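Colleague: 613 is the number of the first residue of the sequence shown in our numbering; add one for each residue after it. Dropping a structure here in structure tokens format, bear with me for questions.
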Amino acid sequence: RGSPTWVDDSGGYLAFTGGLDGGAMTLVGEPRTQGAKHVLMRMVFLEVTATSLRWEWQRQVDGGPWEPQMIIAYRRRG
């Protein structure tokens, strides 16, 4: 099994590691340097049920707090 990855429509690619962490699925991307700052990105899948989940794209800069960049609530149709 390979590592989870994120690929977007403009060719961006991120490899992630992680797994279940306290009831949430947390996948952390490879560390990046932007200017003089060290940046981590992660995807967190929360409140997962058979019909819904909450997905957060979070960012951490220089070891500070994780800050949501996007939050999406998914619901199963029908």
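Ideal Cβ placement from N, Cα and C applies to all residues, glycine included. From a predicted model like this one, the values you see are computed outputs, not experimental measurements.
Given a cut-off of 9 Å on the beta-carbon distance, is the pair residue 658 and residue 666 in contact?
Modeller: Yes, the pair counts as a contact, with Cβ atoms nearer than the cut-off.
Colleague: Distance check for residue 631 and residue 637, CA to CA, integer angstroms please.
Modeller: Straight-line Cα distance between these residues: approximately 5 Å.
Colleague: Who are the Cβ neighbours of residue 688 in its own chain at under 6 Å, not counting the five residues just before and after it?
Modeller: 663, listed in sequence order.
Colleague: Answer with buried or exposed for residue 619, where buried requires no fewer than 16 other C-beta atoms within 10 angstroms of its C-beta.
Modeller: Classification for residue 619: exposed.
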